[in-house]
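S.K.: Numbering (UniProt numbering), first residue to last: 1 to 222. Okay, here's the structure, questions in a sec.
Put into structure tokens, the structure is as follows:
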């Protein structure tokens, strides 16, 4: 297909496709003349992945490049997840907190107690430590106490995730699934949790059955 058709089928504007080509995020099409090229289903798939990572996953172009590099040239499939986590995890910060070491010890103990084959110095662990240290600083021991209650639920979710991306899949599809599932799965889980919070809060605080949630979200209730 020509670039115009590629744009139509993916919803990605032609100038954006050209930008991705210049940045090396998208492989060049097959040249049919000095100024013309044709593209195939692999380009559609890659563009849809880029769009999902940027628009839904919220990744910058630089981070998308890192993620795609990990997908395209994995020496050890398991290491792709680590590369992706290094690319997408926000800076943890908080290392200067007086509670950092206390939080780190708690996370390390959690990993040990649950027998998780995970590194306490990995990007997601550092994010968790930073969050825990901040809760200590705010005096919210009640919320920090949720860590051990969240862990078994997170483990079940991870088992479901891994089973979904490895079942009857080739290695390339599995690696792609790990990437997409990690980035977009975070968006799904975060959104589901916030929706569940709306429901649980309404039940806990006794919001009337007649309450118009749409108006409430817009701030139109008196």
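Glycine residues also receive a C-beta, built at the ideal position from the N, C-alpha and C atoms.
Counting along the chain, where does the alpha helix (DSSP H) carrying residue 7 start and finish?
M.R.: In the chain shown, the residue the question calls residue 7 occupies position 7. Taken as a continuous stretch (DSSP letters only), the alpha helix (DSSP H) holding residue 7 covers 3-10.
S.K.: Report the rounded CA-to-CA distance for residue 109 versus residue 200, giving the unit in angstroms.
M.R.: Position 109 of the chain shown, counting from 1, holds the residue named residue 109. Position 200 of the chain shown, counting from 1, holds the residue named residue 200. Whole-angstrom Cα-Cα distance: 30 angstroms.
S.K.: What residue range is occupied by the uninterrupted alpha helix (DSSP H) comprising residue 32?
M.R.: As a working mapping, residue 32 is identified with position 32 in the chain shown. First-last for residue 32: 30-33, but that is the beta strand (DSSP E), not the alpha helix (DSSP H).
S.K.: Give me the Cα-Cα distance between residue 55 and residue 42, rounded to the nearest whole angstrom.
M.R.: Indexing the chain shown from 1 puts residue 55 at position 55. Indexing the chain shown from 1 puts residue 42 at position 42. About 20 angstroms.
S.K.: For the alpha helix (DSSP H) that residue 130 lies in, which residues bound it at each end?
M.R.: For this step, residue 130 is matched to residue 130 along the chain shown. Element bounds for residue 130: 123-137.
S.K.: Could you tell me the alpha carbon to alpha carbon distance between residue 196 and residue 153, rounded to whole angstroms?
M.R.: If you number the chain shown from 1, residue 196 lands on position 196. If you number the chain shown from 1, residue 153 lands on position 153. Distance between the alpha carbons of residue 196 and residue 153: 15 angstroms.
S.K.: Taking the DSSP output, what are the residues bridged to residue 198?
M.R.: Mapped onto the chain shown, residue 198 falls at position 198. DSSP, once it has assigned bridges, lists no residue as partnering residue 198.
S.K.: Can you look up residue 37 in the DSSP assignment and give me helix, strand or coil?
M.R.: Position 37 of the chain shown holds residue 37. If DSSP states are grouped into helix, strand and coil, residue 37 belongs with the strands.
S.K.: Using CA atoms only, rank isn't needed, just tell me which of 111, 161, 166, 95 is closest to residue 131.
M.R.: Numbered from 1 along the chain shown, position 131 holds the residue referred to as residue 131. Nearest of 111, 161, 166, 95 to residue 131, Cα basis: 95.
S.K.: Report the residue from 117, 145, 86, 118 whose alpha carbon sits nearest the alpha carbon of residue 103.
M.R.: Residue mapping note: residue 103 aligns to position 103 of the chain shown, counting from 1. Per the Cα distances, 145.
S.K.: Are the CB atoms of residue 71 and residue 53 nearer to each other than 8 angstroms?
M.R.: In the chain shown, residue 71 corresponds to position 71, counting from 1. In the chain shown, residue 53 corresponds to position 53, counting from 1. Their beta carbons are not under 8 angstroms apart, which means residue 71 does not touch residue 53 by this criterion.
S.K.: Since I believe residue 24 is in contact with residue 39 (beta carbons under 8 angstroms), could you give me their beta-carbon distance rounded to a whole number of angstroms?
M.R.: By 1-based counting over the chain shown, the position of residue 39 is 39. By 1-based counting over the chain shown, the position of residue 24 is 24. Incorrect: roughly 16 angstroms between the Cβ atoms, too far for contact.
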